[in-house]
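Asker:
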Amino acid sequence: KEQKSLKLVMYAELASKDAKPYYAQFLKDSKDAEKNASVAAQLVLDSKEPVKELKKNKAIIAKSPEALADLYLQLYGKTGSIEMAKEAVATPSVASTDAGKALRRAVILDDYSKLKTKLGPQTIDSSNQKKLAATMKNRIGLLEDAEKLATRAIESGDWTAQLATLDLLGKESERFYQEVLALPMPEGLSPEEESQYLSLLSQQAAPHQIRANDVTKKVGEFWQNDQAIAQLEKSLDEESGARRKLVMAEVATLAAIAPETKKPALQTLAAKQEVATERPTLASIEGAKQAVREAPLDRQKLTALLALVRKMSGQATMVSYLEGRLASLESTTGSSASPSQAVPAQGVTK
């Protein structure tokens, strides 16, 4: 049944007809978990309501964590929904895949961007004791959030996420330390009380200075890794679509915080155009399909169509079918048989 359903899918696609009903039938008949995941993922990508379709087929796709992670990545690239990325990385088996790691980085960098926006305008208001206490407490709470975020980035092992979050923690800790030391002396204090006040300020600020120094040193070590920027350039050249979009977001984040010696290289990457990949035109695909329609058991025409669809995304089932057709021809006729020898003329007619 599943072979029949798969053939109907392929015949529908070869004839440029709606293959969705046959895809659905294939999912009912097939016991091949990996192939089912690929088919279900294609249904999601082709749907006008991909989120709804994902919920419907998630149990099928989840049997292949790589397929599910890649699907989430493509949908994240299309929608920009960080909630979708968070949903993906909440599943350990998905988060551990290459696509899952890219999504986890996206989640951390989104949290980093939001926290940076919160911390930016924060200052200590010393106009009265109540405001002083409130603004100090709020600032310390945000710095604790920054430390937790940096810990998450370190646990992820992602170079960009670690560098960005540690840079934020170091700079904001240093800024807080300097602001605390610059607080005005309260009026009416005796020399002894002034000394005690300064001592208390120093005790309050010292941990932040120590943290700022330690983190800033670590950030410097990260920037010494020239291979990381070279890897970003390689990724920009190799990736496309949703994956390249995430790499460009990395580059933009790093360019904004890079030391002057590193900015030119990152700015060059930010302006780097996507490398054009050779993609078959619709006309060439349709021409190859027509050739197969006319001679469905011609090995050369099947091979030509297979070479074209392999260059197209979202064609897993077509590739699988054509590979199966070729394998079937090989086992039936032998590798030495020519296309014309493969079957009798009446076989082609049938």
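Numbering-wise, our numbering puts 165 at position 163 of the sequence shown, and it's gapless, one number per residue. Glycine residues also receive a C-beta, built at the ideal position from the N, C-alpha and C atoms. This one's a predicted model, so the numbers in the text were calculated from it and none came from an experiment.
(1) For S333, count the other beta carbons within 10 Å of its own beta carbon; 16 or more makes it buried, fewer makes it exposed. Which is it?
(2) Decide yes or no for the touch test of the stretch 110-120 against the stretch 143-158: beta carbon pairs closer than 8 Å, at least 3 of them.
(3) If you run the structure through DSSP and keep just helix, strand and coil, what is N227?
(4) If you draw a straight line from the C-alpha of D127 to the C-alpha of A39, how long is it?
(5) How many angstroms separate the CA atom of L105 from the CA atom of T153?
(6) Report the three-state DSSP secondary structure of S66 (helix, strand or coil).
(7) Whose C-beta lies closer than 7 Å to the C-beta of G172 among residues of the same chain, with five residues either side of it excluded?
(8) For R2, does the three-state DSSP call read helix, strand or coil?
(9) Could you work out which residue in A306, Q292 and D300 is closest to Y13 when comparing CA atoms only?
(10) Using only the alpha-carbon positions, how far apart do T262 and A254 sit?
(11) Give me the residue from P193, Q206, Y199 and T162 with the minimum Cα distance to E176.
(12) Residues in its own chain within less than 7 Å of S337 by CB, not counting five upstream and five downstream?
(13) What is the rounded straight-line gap between the Cα of G326 and the Cα of K3?
(14) Is the distance from the Cβ of Y52 to the Cβ of V96 below 8 Å?
Answerer: Walking through what the data contain:
(1) For the purposes of this step, residue 333 is taken as the residue at position 331 of the sequence shown. Counting the other CB atoms within 10 Å of its CB gives S333 a total below 16, which places it among the exposed residues.
(2) yes
(3) Along the sequence shown, one-based indexing puts residue 227 at 225. In the structure shown, N227 sits in coil (DSSP, three-state: anything other than H, G, I, E or B).
(4) On the sequence shown, position 125 is the one that residue 127 refers to. On the sequence shown, position 37 is the one that residue 39 refers to. Roughly 57 Å between the two C-alpha positions.
(5) The sequence position of residue 105 within the sequence shown is 103, counting from 1. The sequence position of residue 153 within the sequence shown is 151, counting from 1. The straight-line gap from Cα to Cα measures roughly 17 Å.
(6) Residue numbering aside, residue 66 sits at position 64 when the sequence shown is read from its first letter. S66: coil per DSSP, three-state reduction.
(7) One-based indexing of the sequence shown puts residue 172 at position 170. Excluding positions up to five away in sequence, the list reads A214, V217, T218 and V221.
(8) Outside the modelled stretch of the chain, which goes from 3 to 352, sits residue 2, for which no answer is possible.
(9) Here residue 13 is taken as the residue at index 11 of the sequence shown, counted from 1. Y13 has its Cα closest to that of Q292, out of A306, Q292 and D300.
(10) The residue labelled residue 262 in the question sits at position 260 within the sequence shown. The residue labelled residue 254 in the question sits at position 252 within the sequence shown. For the sequence presented, residue 262 should be read as Glu rather than Thr. Looking at the two C-alpha atoms, the distance is approximately 15 Å.
(11) Here residue 176 refers to the residue found at position 174 when the sequence shown is read from its first residue. Out of P193, Q206, Y199 and T162, Q206 has the C-alpha closest to the C-alpha of E176.
(12) Translated into the one-based positions of the sequence shown, residue 337 becomes position 335. Confidence in S337 is poor, its pLDDT being 44 and thus under 50, which makes the residue's placement too unreliable to answer from.
(13) Position 324 of the sequence shown, counting from 1, holds the residue named residue 326. Position 1 of the sequence shown, counting from 1, holds the residue named residue 3. Answer to the nearest angstrom: the Cα atoms are 15 Å apart.
(14) Locating residue 52 in the sequence shown gives position 50, counting from the first residue. Locating residue 96 in the sequence shown gives position 94, counting from the first residue. What sits at residue 52 in the sequence shown is Pro, not Tyr. No, Cβ-Cβ distance for P52 and V96 is not below 8 Å.
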